[in-house]
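Colleague: Last residue of the sequence shown? That's 483 in the working numbering, and every number before it is there in order. Attaching a single structure in structure tokens format; questions to follow.
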Amino acid sequence: MTATLIEPRPFLHSLLGEAVAERFWSKVDLTGVCWEWTRGLTDDGYGKFWYNGAARRAHRIAWMLLVAPELPDDLVADHLCRNRLCVCPDHIEWVTPDVNTLRGFGPAALAARVTHCPQDHEYAGDNLIVRVQQGRERRECRTCVNEQKRARRARALAKLGAGR
Ligand SMILES: [Zn+2]
Ligand SMILES: [Zn+2]
320 MTATLIEPRP FLHSLLGEAV AERFWSKVDL TGVCWEWTRG LTDDGYGKFW
370 YNGAARRAHR IAWMLLVAPE LPDDLVADHL CRNRLCVCPD HIEWVTPDVN
420 TLRGFGPAAL AARVTHCPQD HEYAGDNLIV RVQQGRERRE CRTCVNEQKR
470 ARRARALAKL GAGR
């Protein structure tokens, strides 16, 4: 991750109240690039913070403290740094749940992270062809596509030759 843009302002007054802010930041390690939660975790491994009588995800609270007090419940955090303990707002993008599945570690996301075609040509630069089919991105290898075209042409020519 690159350096954070948002300053840690641990004792900033906020709509959640100074006492909440103080209690919250006392549980965060602000010394690293990621701001890591140092206390209890939710079942799925995110920081857990009690606020208003309920257990909240720590990164939500950090966002509410530093960025915007309102955060729609249907948005989920996509940790760009892939560190679930991190509460740094700069490392988090709020997305709808289906986008998050694609970016996370599901089959779609894993496929998207494949960097080479089955013949080991890199999906990069001129060799990368991106097609959108039914709303999904599909990557193709130009070397292989050209190879297939050449083979098809050769077969067609051979057939013509055989017919003569
Ligand atoms: Zn982070
Ligand atoms: Zn290829």
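Note that CB positions come from ideal geometry on N, CA and C, so glycine has one too.
At which residue ranges does the stretch 447–473 contain complete beta strand (DSSP E) runs of 3 or more residues, listed in the order of the chain?
Modeller: Runs found: 447–452 and 455–460.
Colleague: Exposed or buried, what is ILE411 when buried is set at 16 or more other beta-carbons lying within 10 Å of its beta-carbon?
Modeller: With 16 or more other Cβ atoms within 10 Å, it is buried.
Colleague: By a C-beta neighbour count over all protein chains shown, 10 Å radius and 16 as the cutoff for buried, is ARG379 buried or exposed?
Modeller: Per the 10 Å Cβ criterion, buried.
Colleague: Using the DSSP secondary-structure output, state which residues sit across from GLY366 in a beta bridge.
Modeller: For GLY366, which the question treats as bridged, DSSP gives the partners LEU360.
Colleague: State the Cα-Cα distance for the pair GLU456 and LEU335, rounded to the nearest angstrom.
Modeller: Distance between the alpha carbons of GLU456 and LEU335 is about 41 Å.
Colleague: Of the choices ARG461, VAL451 and TRP413, whose alpha-carbon is the least far from that of HIS435?
Modeller: Of the listed residues, the one whose Cα sits closest to HIS435 is ARG461.
Colleague: Within its chain, find whatever has a CB closer than 6 Å to the CB of GLY359; leave out the 5 residues flanking it on each side and keep chain order.
Modeller: Around GLY359: LYS367.
Colleague: Going by alpha carbons, who is nearest to VAL339 out of ASP362, GLY351, ASP363 and LEU385?
Modeller: It is LEU385 whose Cα lies nearest to the Cα of VAL339.
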